[in-house]
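Sequence positions in the sequence shown follow the working numbering and run 10 to 128. The beta-carbon is built from N, C-alpha and C at its ideal position, and this holds for glycine as well.
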Amino acid sequence: MYKLLEMLDGNVIREHPLSGSLFRVGRNPGNDLQPDDASISGNHAAITLIPIEYLDGAQHVIIEDCNSTNGTWVNGKRVKQQRLKHGDLLTIGSLSFKLVDDQALAVGQTRILIREEEG
10 MYKLLEMLDG NVIREHPLSG SLFRVGRNPG NDLQPDDASI SGNHAAITLI
60 PIEYLDGAQH VIIEDCNSTN GTWVNGKRVK QQRLKHGDLL TIGSLSFKLV
110 DDQALAVGQT RILIREEEG
């Protein structure tokens with residue numbers, strides 16, 4: 010499962026799960042995230058999750074700027090549309106987010122195997 014971690018001064022202040030196939034950000038009603046922030050356009054950006062047919066449970070995550078005034082940024086670069094990956098840093102208006110893929114976290118965890126004693 011993917012989620013956006015909303016960041017402020019390097020600290021996570023909120024988590025926004027990306028459930029479903031579309032997550033919209035903007036001040037207008039009907040968006041999934043409606044920040045009360047003048048730097049965010051009414052319909053600022055959309056994140057689409059597209060299943061990868063040959064990898065069970067895996068998805069492509071695509072962010073698209075919806076002709077916003079202040080732009081959508083990925084890792085410091087302004088984008089119109091961009092495929093995202095675990096750890097990418099997003100800036101939408103004055104808000105900062107980090108994309109987290111729980112599956113990537115699970116794969117990267119260290120595992121300790123302890124052999125059971127016989128007998």
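(1) Using the Cα positions of residue 73 and residue 27, report the straight-line distance between them to the nearest angstrom.
(2) Quick check: the stretch 16 to 35 against the stretch 95 to 110, are there 3 or more CB pairs under 8 Å?
(3) For residue 93, which residues of its own chain have a beta-carbon under 8 Å away from its beta-carbon, when the five flanking residues on both sides are left out?
(4) Using alpha carbons as the reference points, say which of 37, 52, 30 lies closest to residue 61.
(5) Let me know if residue 21 comes out buried or exposed under the rule of 16 or more other beta-carbons within 10 Å of its beta-carbon.
(6) Within its chain, find whatever has a CB closer than 6 Å to the CB of residue 33; leave out the 5 residues flanking it on each side and keep chain order.
(7) If we ignore side chains and look at the alpha-carbon of each, how far apart do residue 95 and residue 78 end up?
(8) Please list the terminal residues of the continuous beta strand (DSSP E) segment that includes residue 93.
According to the data block:
(1) If you number the sequence shown from 1, residue 73 lands on position 64. If you number the sequence shown from 1, residue 27 lands on position 18. For residue 73 and residue 27, the distance between alpha carbons rounds to 15 Å.
(2) The stretch 16 to 35 and the stretch 95 to 110 touch, with no fewer than 3 CB-CB distances between them shorter than 8 Å.
(3) By one-based count along the sequence shown, residue 93 stands at place 84. Once the five neighbours on either side are set aside, the close Cβ partners of residue 93 are 56, 70, 71, 72, 83, 99, 108.
(4) The residue you call residue 61 lines up with position 52 of the sequence shown. In terms of Cα proximity to residue 61, the closest of 37, 52, 30 is 30.
(5) In the sequence shown, residue 21 corresponds to position 12, counting from 1. Under this definition residue 21 is an exposed residue.
(6) Indexing the sequence shown from 1 puts residue 33 at position 24. Cβ contact annotation for residue 33 (same chain, cutoff 6 Å, sequence separation greater than five): 40, 41, 55, in chain order.
(7) Against the sequence shown, residue 95 aligns to sequence position 86. Against the sequence shown, residue 78 aligns to sequence position 69. Spanning the two alpha carbons is a distance of roughly 26 Å.
(8) Here residue 93 is taken as the residue at index 84 of the sequence shown, counted from 1. Residues 90 to 93.
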